[in-house]
Amino acid sequence: MYSCRKQNKTPVTLLALSISLALAGTATAQDAGTAATELDTVTVTGYRASVEKALDIKRGEAGMVDAIVAEDIGKFPDSNLAESLQRIPGVVITRDGGEGRQITVRGLGPDFTRVRINGMEALSTVGSSDGQGGANRSRGFDFNVFASDLFSQLVARKTASADVDEGSLGATVDLRTARPFDYDGLTVVGNVQAAYNDASESAMPRFAGLIANSWADGKVGALLSVAYSERDTVEEGTGTVRWAGGDRNGGFNPASTFTDALRPDVYAPRFPRYTLMEHDQKRLGVTGALQFKPSDRTSFNLDMLYSKIDAKRDEKYIEANGLSKSSADGKPQVLVNDGEVRNGALVYAQMDNVDIRAENRHDEWSTDFHQISLDGEHRLTDSFTITGKIGTSKSKHENPVQATIMMDKLDVQGYSYDYRDSLTQPVFNYGVDPTDPTGWTLSTIRMRQNYVTNEFNNGQLEFNWVAGPSFTLAGGVQAKNYSFDSMERRRGSETSVPDFSSGGRIVPVDMTELASLNGLSGNPGKWVVPNFGAIASLFDIFSNEGAFALADYAASMRSVEEQDRSGWLMGQFSTEIGSVPLSGNIGVRHVRTKQSSSGIATASGTPVATTVTREYNDTLPSLNLVAEVTPDLLVRFAAAKVMSRPGLGSLTPGVTVNVSGSARTVSGGNPFLDPVRAKSYDLGFEWYFDEGAMLGATLFYKDIDSFIQNTRESRTYADSGLPANLLEGTTASTSDEFVFTVPINTPGGKLQGVEFNYVQPFTFLPGKWSNLGAQLNYTYVDSDIQYLLSSGAAAQKAAMTGQSKNSWNATLFYEGDRFSGRVSATNRNDYLIQVPGTEPGFNSEANGVHGQSGTTIVDASLHYRINDRLEVSLEGANLTNEAQESWVANPSVSLPLEYSQTGRTYTVGLRYKF
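The opening position of the sequence shown corresponds to residue 131 in our numbering, with each subsequent residue numbered one higher.
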């Protein structure tokens, strides 16, 4: 077992308490104020209606499906798509800057989930900090590109069928935008909100609007929706990057008086620091739809979607970078005078000759996504229908500004760090006043640019033949072209910096600024950093000329093109076994993938542009059965062969060398990787025991035949055999230790688990209490993967990365005539993010891993309908200010890597429906 630290959770704030009181208070007041009135029919609205519609979708499908449906026109349960999806059993999310970004389904990470928008596969990607992986160059879908207001329905398909695109082991997620025929005649809705984040202390606007109409007796319709939001957040925390033995990075000075620090089995933080990140995002989304139904037999739909997210991020650090430097002026000169060792960790140390660095990084990036699709349906006869769809989508991520300015104080005496009282909020003494702006030397101006483009072009033709009252034959063909392009540009020499007007590199006092923690109690909580804007302007660093000219970075220039051609045939049937109705589908899908991967390989030390092509085929049978044991009790069974294509970064026929601050990595590719293939089995039970209520359980099992692992190990660059010229222009040397990552095909393993799902409106309660309801679900996932070293030797067996063994969701909701509200909590427990760990002591020999601590996120909302058209709302997100925390561990000790908090967000809104 691996241990990790759990933080004490702050009490749920006043907003959550007020909702609980309001639920009780409203029910009592409404009971007292009016006499109960018996109605022949009950109109279900709001969140409860959303839940019932989702259950209708689930009940009507042949496969294992869960759905989220908009509460009302342009009104989704959560402001973020990923955060809405996490309400589905088996779905957990990862966050970036406090916002939901990617999903994991039944323990299978983002690369194993395919996303379709209006029936067409698409991929959107964004950028992030180095700690979050930088620009997304994977197949994992970034949901934070889109406002949830743009969509009317999300469906997660957890089992395969022949008519659904291949490529998923976890789930296929269908996102659907609104269409004009969804509404009756002219419909206009507007929603204005203002949000406040208590960490950034910023107010943020949000707007969504929709207009739709139909004409010519419902034969022609048009719709336009717009969503705009701003998000200003602050992420505060601490970091260590990794923990290394006393002999690593050249080892501590042998003259150190605290000799335990020199031992290889005593681990010190490589980069102890406080972190401050300021996020500024603006998101715009637009959808358009045209529908034409010239007759009862023919219809056409044209769907258009545009979304753009613009982001700026400032990162401000102060750190003891000398502890990660292998050169003679780095760790080998550091004298450890005093310390304390606990469970092999040097949790306290007092040192001399330590280099201190303050840095200020500024990023500007954007992602533009657009999709347009046209589909049509024509019923040739009463029993034979043909449908077709063509479309294109493109996600273009641009990061033209990624620059870091660093300044140092060298050979500082009396430096200390202290993790004894808190592993996540240590005490630092820098040996100098960290707020003193004098005496800092400009050391590095790092400049990068990143660009990532993903594009799909799809076409498909399908038929549906009702052969009889109990059998329908369907089939089709699909052509899908996908392309991925990535490039990076860098400055030639990051350590070549100009002199100031004083004739030296000492940073003038007016070229510095103060960074301050607000919500986190840091010690110290303030420090000086370079004034990014002032120095950038002084030296005109964005001129792209002279010493600041950028050039293509050959090792990061890569692309992948895929031509997927598939055909499928599926029979849909209904029959009876005795007195039990049985329905379902059985089918097969065959797909041929032609793949072309391009990148930069090294031949005798010379970078060479290389393209590798290959082709592979998959035949994927599937079966879905539904037995109606009673009218309200369904038993489902599903079996299928499934596949997921290799990660994009793994297919590069070359290597990428990256030096970013203390991070030094070499990533290699393998264009001959086979897909991940598996056999999947599901058995489900669903009891619809009341209107809008369901109790269900699902057992799932995946026999993963093959797997792809990114093996990691730490060694000096000189031992790699790579040419030294790949390090030109960086701050690294061949004697530095790098983390080498290589993807390989490995044997798979077993993944199994169970989901429980309970939904019920409390209509059995008296009076207004009957407006209460609950949603509860729990998921257990277990897996066992044999991890390998880059040599192919067995490492250790452990769970799949990204898999939380336990996760649950709970929502209590109230839906009255005027007042409605809900409180939701979502939980996932710890999960692994890297197996084995990197450093000796945390690598395979030590049974070490890197992991992420579990979280429990609490959200709440209140809505009050003033009349049939006007509604006001109050919402709260992350009410307990839950922290994100990663760690490195072996069976004996767990130590912190990164820790951060992003604060609570409160939102007030006004919604008008014309």
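Glycine included, every Cβ here is placed at the ideal spot set by N, Cα and C. Keep in mind that this is a model prediction, so the values were computed, not measured.
Does DSSP classify residue i as helix, strand or coil?
| i | result |
| --- | --- |
| T389 | helix |
| E182 | helix |
| S425 | strand |
| Y177 | helix |
| T893 | coil |
| R189 | helix |
| L553 | coil |
| W570 | coil |
| E975 | helix |
| G521 | strand |
| S454 | helix |
| D170 | Per-residue confidence for D170 stands at a pLDDT of 40, beneath the threshold of 50, marking its modelled position as unreliable; no derived number is given. |
| P1021 | coil |
| A479 | strand |
| Y910 | strand |
| Q933 | coil |
| E365 | strand |
| D161 | Legend: pLDDT at D161 = 40, less than 50; position of this residue unreliable, no value from coordinates given. |
| A533 | strand |
| L280 | helix |
| F401 | coil |
| K898 | helix |
| V953 | strand |
| V275 | helix |
| P1026 | strand |
| A685 | helix |
| Y545 | strand |
| S810 | strand |
| A146 | Unreliable positioning characterises A146 in this predicted model, as indicated by a pLDDT of 38, which lies under 50. The coordinate reading is nonetheless provided below. Of the three classes helix, strand and coil, the one that applies to A146 here is helix, per DSSP. |
Does the beta-carbon of residue i have 16 or more other beta-carbons within 10 angstroms, so that it is buried, or is it exposed?
| i | result |
| --- | --- |
| T511 | exposed |
| G460 | buried |
| L852 | buried |
| R231 | buried |
| I233 | buried |
| G777 | buried |
| N210 | buried |
| N379 | buried |
| E843 | buried |
| D395 | exposed |
| E201 | buried |
| I198 | buried |
| A458 | exposed |
| D563 | exposed |
| A154 | Residue placement at A154 cannot be trusted, given a pLDDT of 40 that sits under 50; what the coordinates show is reported in the next sentence. Answer is exposed; the Cβ neighbour count stays below 16. |
| L1000 | exposed |
| V172 | A caution first: V172 carries a pLDDT of 45, below 50, which makes its placement in the model unreliable, though a value can still be read off. When all chains shown are included, V172 counts as exposed. |
Report the CB separation of residue i from residue j in whole angstroms; it is logged as a contact under 8 Å.
| i | j | result |
| --- | --- | --- |
| E489 | V531 | Wrong, their Cβ atoms sit about 16 Å apart, outside the cutoff. |
| D444 | E408 | 5 Å |
| G297 | G320 | In fact, because the Cβ distance is near 38 Å, the residues do not count as touching under 8 Å. |
Quick one, are the C-beta atoms of residue i and residue j less than 8 Å apart?
| i | j | result |
| --- | --- | --- |
| V245 | F271 | yes |
| G729 | G799 | yes |
| E1012 | I987 | yes |
| V979 | A475 | no |
| N292 | V718 | The sequence shown places Ala at residue 292, rather than the Asn named in the question. Contact flag set, yes. |
| T1032 | A329 | yes |
| D762 | W698 | no |
| E821 | W373 | no |
| P556 | Y545 | no |
| G237 | V911 | yes |
| G878 | D835 | yes |
| N939 | Q216 | yes |
| F401 | T368 | no |
| K442 | A645 | no |
- Task: For the segment 721-786, list the beta strand (DSSP E) runs that are entirely contained and at least 3 residues long, ordered along the chain.
- Result: Contiguous beta strand (DSSP E) elements confined to the segment 721-786 occur at 736-760 and 763-774, taking only those with 3 or more residues.
- Message: I'd like the ranges of any beta strand (DSSP E) spanning at least 3 consecutive residues and lying wholly in the segment 584-671.
- Response: Unbroken beta strand (DSSP E) runs of no fewer than 3 residues, entirely contained in the segment 584-671, are found at 601-621, 642-646 and 656-660, following chain order.
- Task: Kindly provide the ranges of any alpha helix (DSSP H) runs that are 4 or more residues long and lie completely inside the segment 265-353, ordered along the chain.
- Result: Taking only runs of at least 4 residues, no alpha helix (DSSP H) segment lies wholly in the segment 265-353.
- beta strand (DSSP E) runs contained entirely in the segment 822-881, provided each spans 3 or more residues: Counting only runs of 3 or more residues that sit fully inside the segment 822-881, the beta strand (DSSP E) segments are 823-846, in chain order.
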